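Here's the structure, in structure tokens; my notes come after.
In the working numbering, the protein residues as written are 586 to 797.
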């Protein structure tokens with residue numbers, strides 16, 4: 586079977602290799618099949634004084650709905666209902682990680698609580714920086730001919746508290762059979778990672794002031 590965590594890890598490691606080839610110092614939240622809590626991931630980025638934080642995922646649609654394509658998300662008030670639902674799903678760990686209605690409700694409540702954080706001035710600055718990063722990534726992927734959706738906003742817990750421009754990448758939908766098969770191939774992940782690396786390098790070159 587195709588497992589999201591395996592695809593995510595392979596893509597992250599390959600992207601890291603590409604960036605390292607350009608002299609970028611890459612730090613991984615994981616390099617093996619281990620699980621880090623959402624808060625630990627941003628804490629890791631902050632502790633390592635990262636200049637950019639990239640969280641790589643695969644998307645999914647509930648039964649009865651269909652979608653395919655690459656999406657980029659920034660930590661901000663949700664752009665639409667689907668973005669909010671995805672954030673609640675990705676945030677389910679903060680309610681215990683289970684799938685019961687009570688846990689989903691708790692994740693929903695905590696996700697909505699995150700929206701209040703977004704009124705903070707510092708967070709708004711980070712939203713602007715993250716938007717710039719995300720737009721460059723989107724442009725790079727689009728020019729590479731990858732199947733695109735759009736840049737969206739959602740209150741993702743994994744991006745909360747990141748002290749640097751941050752983006753959550755949904756590489757595609759595993760609920761779309763054709764896209765799932767593509768994501769499971771090294772060639773397609775190579776194309777994705779090449780576009781991500783190009784975008785990250787472009788952002789770093791265009792925003793030297795934000796780098797220390």
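Virtual Cβ for every residue (Gly too), placed ideally from N, Cα, C.
Note that the structure is a prediction, hence the values are computed from the model and not measured.
**Message:** Taking 7 Å as the cut-off, is the C-beta of residue 674 nearer than that to any heavy atom in the ligand SAH?
**Reply:** This structure simply doesn't include the ligand SAH, nor any ligand for that matter.
**Message:** With H, G and I counted as helix, E and B as strand and the rest as coil, what does DSSP make of residue 781?
**Reply:** On the chain shown, residue 781 is found 196 positions in, with the first residue counted as 1. Residue 781 falls in the helix class under three-state DSSP.
**Cβ pair residue 753, residue 741 closer than 8 Å** = Stepping through the chain shown from its first residue, residue 753 is reached at position 168. Stepping through the chain shown from its first residue, residue 741 is reached at position 156. Yes, the pair counts as a contact, with Cβ atoms nearer than the cut-off.
**Asked** Between residue 665 and the rest of its own chain, which residues show a CB-CB distance below 8 Å, the 5 nearest in sequence each way excluded?
**Response** Taking the chain shown and counting its residues from 1, the one referred to as residue 665 is at position 80. Hits under 8 Å: 737.
**Message:** Would residue 785 and residue 604 be called neighbours here (beta carbons separated by less than 8 Å)?
**Reply:** Translated into positions along the chain shown, residue 785 becomes position 200. Translated into positions along the chain shown, residue 604 becomes position 19. Contact flag set, yes.
**Asked** So what's residue 644 in DSSP terms, helix, strand or just coil?
**Response** Residue numbering aside, residue 644 sits at position 59 when the chain shown is read from its first letter. Strand at residue 644.
**Request:** Check the Cβ-Cβ distances between residue 761 and every residue of chain B, and say whether any is below 8 Å.
**Result:** The structure shown contains no chain B; it is built from a single protein chain.
**Asked** Who pairs with residue 657 in a beta bridge, going by DSSP?
**Response** The count along the chain shown starts at 1 and reaches residue 657 at position 72. For residue 657, which the question treats as bridged, DSSP gives the partners 736, 754.
**Request:** Please report the residue range of the alpha helix (DSSP H) in which residue 629 lies.
**Result:** On the chain shown, position 44 is the one that residue 629 refers to. For residue 629, the uninterrupted alpha helix (DSSP H) run begins and ends at 623-632, by DSSP.
**Message:** Is the separation between the beta-carbon of residue 592 and that of residue 769 shorter than 8 Å?
**Reply:** Residue numbering aside, residue 592 sits at position 7 when the chain shown is read from its first letter. Residue numbering aside, residue 769 sits at position 184 when the chain shown is read from its first letter. Yes, these two residues count as a Cβ contact at 8 Å.
**Asked** Is the Cβ-Cβ distance between residue 656 and residue 755 less than 8 Å?
**Response** By 1-based counting over the chain shown, the position of residue 656 is 71. By 1-based counting over the chain shown, the position of residue 755 is 170. Contact annotation: residue 656 and residue 755 have beta-carbon atoms nearer than 8 Å.
**Request:** Look up residue 639 in the DSSP assignment and say whether it is helix, strand or coil.
**Result:** In the chain shown, counting from the first residue as 1, residue 639 sits at position 54. Of the three classes helix, strand and coil, the one that applies to residue 639 here is strand, per DSSP.
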